[in-house]
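To start, the structure under review is shown below, and the notes come after it.
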Amino acid sequence: MGRKRHPTTDELRQNFERELASVTTGGRLHSETGLDIETDAALIDIARAYPEIDGSLVAAARAAFASQLAGTNSVE
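See the structure below:
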């Protein structure tokens with residue numbers, strides 16, 4: 433069954449940090465985290481690059497997440 437409500441900002445931050453930690457250590461992404469398409473795409477880029485993760489990929493993921501929180505990522 434799907435998520436019943438949108439996660440809070442604190443929950444989003446926790447989810448992002450958990451997902452970032454997962455992909456930077458060779459783990460997978462989880463579904464229904466509340467992260468948007470742009471943030472997920474940036475995390476997928478990190479997962480694909482593992483184990484040779486460039487710092488710019490992590491910076492891009494953090495920037496995408498910051499844009500999500502600011503509401504400036506595109507809505508498709």
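Here this note's numbering is used: the first residue of the sequence shown is 433, the next is one more, and so on. Backbone N, C-alpha and C fix where the C-beta goes; we use that ideal spot for every residue, glycine too. Computed from a prediction, not measured in an experiment: that's the story for all the values here.
- Whole-angstrom Cβ separation of Leu-451 and Leu-461, contact assumed at under 8 Å? Looking up residue 451 in the sequence shown gives position 19. Looking up residue 461 in the sequence shown gives position 29. The question names Leu, yet the displayed sequence has Glu at residue 451. 6 Å between Cβ atoms; contact.
*Straight-line CA distance for Asp-486 to Arg-437?*
As a position in the sequence shown, residue 486 is number 54, starting the count at 1. As a position in the sequence shown, residue 437 is number 5, starting the count at 1. The straight-line gap from Cα to Cα measures roughly 34 Å.
Buried or exposed for Asp-468, going by 16 or more other Cβ atoms inside 10 Å? If you number the sequence shown from 1, residue 468 lands on position 36. It counts as buried.
Check Met-433 in the structure and name its three-state DSSP category. Numbered from 1 along the sequence shown, position 1 holds the residue referred to as residue 433. Unreliable positioning characterises Met-433 in this predicted model, as indicated by a pLDDT of 47, which lies under 50. A coordinate reading is not provided.
- Query: When burial is assigned at 16 or more other CB atoms within 10 Å of the CB, is Thr-457 buried or exposed?
  - Reply: Indexing the sequence shown from 1 puts residue 457 at position 25. Burial is judged here by how many other beta carbons sit within 10 angstroms of a residue's own beta carbon; Thr-457 has fewer than 16 and is exposed.
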